[in-house]
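Chemist: Residue numbers (the working numbering), protein chains in the order written: chain Z, 530 to 965; chain C, 181 to 393.
I am attaching a structure below and will ask some questions about it afterwards.
Here is the structure:
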């Protein structure tokens with residue numbers, strides 16, 4: 530991902546808009562955007578492609594909450610962190626606990642939860658290979674941070690659905706003696722490695738756990754079934770771990786795929802926040818696509834197929850550069866676990882400590898073309914980027930520096946997004962696909 | 181991002197002074213490093229981008245493709261960031277993979293190590309100092325060894341990036357952090373990770389940063 534700055538493209542847009550005189554008030558792409566302190570320009574929509582439907586209800590729905598809803602200080606302390614409640618039981622119907630602040634993440638598959646929030650974490654049966662318990666290094670970002678801890682069997686209940694027995698990860702930095710409770714590496718670390726920074730607590734991480742409901746059924750999939758050096762899964766003794774392949778059935782996995790009928794995917798329906806940002810926002814996570822009356826795709830919803838194993842990406846063209854499965858590792862995808870639009874641009878960035886966040890002097894309207902893997906169908910998506918005030922935990926116009934194109938949570942605002950699980954068919958097609 | 185007061189805009193020169201920590205070990209490139217330093221700063225870096233952004237990869241010439249890793253012999257392996265190219269790896273087995281050596285512009289050599297679960301690259305100055313390490317797919321399992329003397333500085337930066345110091349904080353899936361000696365960036369989704377660790381002061385003059393990938 531290029532680091533070098535070039536003269537702001539934005540300036541050209543400003544000049545063009547000034548040249549249009551009074552008409553610029555009505556011209557898409559001129560000024561506008563919400564949330565910038567001191568901005569006196571015309572207001573563009575925070576959510577230009579609004580299609581969100583009224584809130585759904587029923588046993589196949591879960592609440593999504595952002596910001597300070599109910600005095601939330603876990604997810605609510607972080608920008609654009611959509612969270613929900615999930616119920617966990619070590620065995621069917623016993624010692625069950627409903628856990629709040631589970632990050633709704635379409636960028637990963639699998640469920641992970643801090644041991645510290647489970648009152649009976651020791652009663653969950655370990656997943657084993659050859660009799661040895663399995664530890665997982667769930668890597669995020671550049672791979673040097675994320676979650677470490679054992680895989681266990683759990684009964685997971687989503688909304689009013691039937692509980693599904695699946696492997697999940699317990700987040701526990703001290704597992705197999707690999708890290709201290711504060712995250713310092715043991716000298717003989719043989720799993721995530723000495724340079725890895727494990728999540729250590731819900732307040733540090735910004736979630737009690739992660740509900741990964743992405744395009745894949747499994748966290749790693751086929752890449753980890755044969756390669757022992759996958760660096761995700763390890764068999765562990767009390768103090769040492771060694772890499773292991775792991776069958777898909779033993780991997781942590783998307784619980785939606787195991788539901789009896791609503792197993793084709795999910796829909797995230799989140800309304801548009803205020804232009805300047807919101808302190809709280811609620812939406813709905815709907816289970817299943819085309820399996821109930823409340824998850825039947827609306828007319829006009831288009832599916833954009835993603836590539837197959839292992840990466841599940843589609844195409845995005847931004848400022849003349851196309852990111853696709855062939856431009857690895859600069860990929861394009863939709864990820865509710867990313868708090869911003871991530872892309873490379875010449876926009877100016879914010880002052881410390883937010884030097885990776887774009888802070889244009891006035892809001893800018895941008896667009897990019899989304900296409901299914903292989904190039905069709907396609908659609909042009911408009912979005913706005915403004916300098917965040919860093920006062921609100923829900924912001925629809927935040928952009929950050931990154932490689933490829935990551936359509937983060939702002940993409941979801943004001944738009945129903947369908948996440949079609951790999952190999953599962955609905956009226957929108959066979960997964961993996963995104964639809965909106 | 182995320183509250184570090186030590187972060188600076190991308191290529192602002194690193195502050196000098198006794199509190200900066202350890203200096204890069206290889207002093208042969210002190211002059212080269214100074215040259216880079218004096219041309220840093222946002223404005224100059226923009227110029228650098230115009231000069232070098234396009235076409236750099238086209239200059240790559242395959243010198244020696246697809247050598248088996250073991251073919252280099254037991255005394256020659258991948259090196260350590262900031263150290264000499266000939267540094268012997270302390271872990272032969274985890275380095276196993278296909279090794280390709282590319283000759284890039286300006287005499288830079290790129291060692292590419294590809295295995296089933298990752299590709300990683302080590303960028304070496306004409307004088308033989310490793311000035312960048314990158315990975316795609318997975319970080320190398322022995323990343324701590326590859327980072328050598330910079331491993332602690334790297335980890336400290338990662339921990340800081342994951343520690344909330346402001347409200348509301350940003351929990352990012354892309355990293356872009358500058359430390360006293362390192363530029364760290366990368367990110368993505370869990371099945372397609374990528375990352376770079378660069379010693380900006382050691383980049384040979386004229387070698388485009390966007391060719392480090």
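Note that the Cβ used here is the ideal one computed from N, Cα and C, for glycine as well.
Keep in mind that this is a model prediction, so the values were computed, not measured.
Less than 8 angstroms between the CB atoms is what I'm expecting for residue 320 of chain C and residue 298 of chain C, so what's the real figure, rounded?
Modeler: At roughly 7 angstroms, the Cβ-Cβ gap stays under 8 angstroms, so residue 320 of chain C and residue 298 of chain C are in contact.
Chemist: Using 8 angstroms as the cut-off, can you tell me whether the region 715–723 of chain Z makes contact with the region 815–828 of chain Z, which would need three or more C-beta pairs spanning the two stretches below that distance?
Modeler: Verdict: no, contact absent.
Chemist: Which residues of the region 335–347 of chain C have a Cβ closer than 8 angstroms to any Cβ of chain Z? Give them in chain order.
Modeler: Answer set for the region 335–347 of chain C: 335, 338, 339, 341, 342, 343, 344, 345, 346, 347.
Chemist: Excluding the five sequence neighbours on either side, which residues of its own chain have a C-beta within less than 8 angstroms of the C-beta of residue 663 of chain Z, listed in chain order?
Modeler: Around residue 663 of chain Z: 655, 656, 657, 679, 680, 762, 763, 764, 765, 773, 775, 779.
Chemist: Going by beta carbon distance, what residues of the same chain come within less than 7 angstroms of residue 938 of chain Z, once the five residues before and after it are set aside?
Modeler: Excluding positions up to five away in sequence, the list reads 609, 611, 865, 867, 868.
Chemist: Pick helix, strand or coil for residue 930 of chain Z, following the three-state DSSP scheme.
Modeler: Three-state result, residue 930 of chain Z: strand.
Chemist: Short of 9 angstroms Cβ to Cβ, which residues in the region 651–682 of chain Z face chain C?
Modeler: Those would be 667, 668, 669, 670, 671, 672, 673, 674, 675, in chain order.
Chemist: Is it right to say residue 256 of chain C is buried, meaning 16 or more other beta carbons lie within 10 angstroms of its own, or is it exposed?
Modeler: Any reading at residue 256 of chain C is ruled out, since the residue's pLDDT is 39, under 50, leaving its predicted position unreliable.
Chemist: In this structure, does DSSP put residue 853 of chain Z in helix, strand or coil?
Modeler: Residue 853 of chain Z: coil per DSSP, three-state reduction.
Chemist: With a 10 Å radius around its C-beta and 16 neighbouring C-beta atoms as the bar for buried, classify residue 930 of chain Z as buried or exposed.
Modeler: So residue 930 of chain Z counts as buried.
Chemist: Spatial neighbours of residue 317 of chain C within its chain, please: C-beta separation below 7 angstroms, excluding the five flanking residues on both sides.
Modeler: These residues qualify, in order along the chain: 297, 298, 299, 373.
Chemist: Contact between the region 868–877 of chain Z and the region 337–357 of chain C: three or more CB pairs below 8 angstroms?
Modeler: Yes, the region 868–877 of chain Z touches the region 337–357 of chain C.
Chemist: Count the other CB atoms, across all protein chains shown, that sit within 10 Å of the CB of residue 266 of chain C; report buried if there are 16 or more and exposed otherwise.
Modeler: It is exposed - the Cβ of residue 266 of chain C has fewer than 16 other Cβ atoms within 10 Å.
Chemist: I'd like to know whether the C-beta of residue 321 of chain C is nearer than 9 angstroms to at least one C-beta of chain Z.
Modeler: Interface residue, yes.
Chemist: Using a beta-carbon distance below 9 angstroms, is residue 712 of chain Z in contact with chain C?
Modeler: Answer yes: the Cβ-Cβ gap between residue 712 of chain Z and chain C drops below 9 angstroms somewhere.
Chemist: Would you list, in sequence order, the uninterrupted alpha helix (DSSP H) runs of no fewer than 4 residues that lie entirely inside the region 334–364 of chain C?
Modeler: As far as the region 334–364 of chain C is concerned, it has no whole alpha helix (DSSP H) run of at least 4 residues.
Chemist: Please list, in chain order, the chain C residues whose beta carbon lies closer than 7 angstroms to that of residue 823 of chain Z.
Modeler: Near residue 823 of chain Z there are no residues of chain C at all, since even the closest Cβ is about 28 angstroms away, more than 7 angstroms.
Chemist: Any idea what DSSP makes of residue 874 of chain Z, helix, strand or coil?
Modeler: If DSSP states are grouped into helix, strand and coil, residue 874 of chain Z belongs with coil.
Chemist: Quick check: is the beta carbon of residue 631 of chain Z nearer than 9 angstroms to any beta carbon in chain C?
Modeler: For residue 631 of chain Z, the answer is no, since every Cβ of chain C falls outside 9 angstroms of its Cβ.
Chemist: Would residue 632 of chain Z pass as a contact of residue 739 of chain Z if the rule is Cβ separation under 9 angstroms?
Modeler: Yes. Within cutoff.
Chemist: Look up residue 866 of chain Z in the DSSP assignment and say whether it is helix, strand or coil.
Modeler: Looking at residue 866 of chain Z - three-state DSSP - the assignment turns out to be coil, as it is neither helix nor strand.
Chemist: Between residue 780 of chain Z and chain C, is there a C-beta pair that is closer than 9 angstroms?
Modeler: It does not: the Cβ of residue 780 of chain Z has no partner Cβ on chain C nearer than 9 angstroms.
Chemist: Write down every uninterrupted run of the beta strand (DSSP E) in the region 681–753 of chain Z whose length is 3 residues or greater and which is fully enclosed by it, in chain order.
Modeler: As far as the region 681–753 of chain Z is concerned, its whole beta strand (DSSP E) runs of at least 3 residues are 693–700, 738–742.
Chemist: Rounded to whole angstroms, how far is the Cβ of residue 670 of chain Z from the Cβ of residue 366 of chain C, which I believe are closer than 8 angstroms?
Modeler: Contact flag correct, Cβ pair sits at about 7 angstroms.
Chemist: How is residue 679 of chain Z classed by DSSP in three states: helix, strand or coil?
Modeler: Note: residue 679 of chain Z maps to strand in three-state DSSP.
Chemist: Compute the distance between the beta-carbons of residue 940 of chain Z and residue 898 of chain Z, then report whether it is under 9 angstroms.
Modeler: The answer is no: Cβ separation not under 9 angstroms.
Chemist: Using the Cα positions of residue 280 of chain C and residue 391 of chain C, report the straight-line distance between them to the nearest angstrom.
Modeler: Taking the straight line joining both Cα atoms gives about 17 angstroms.
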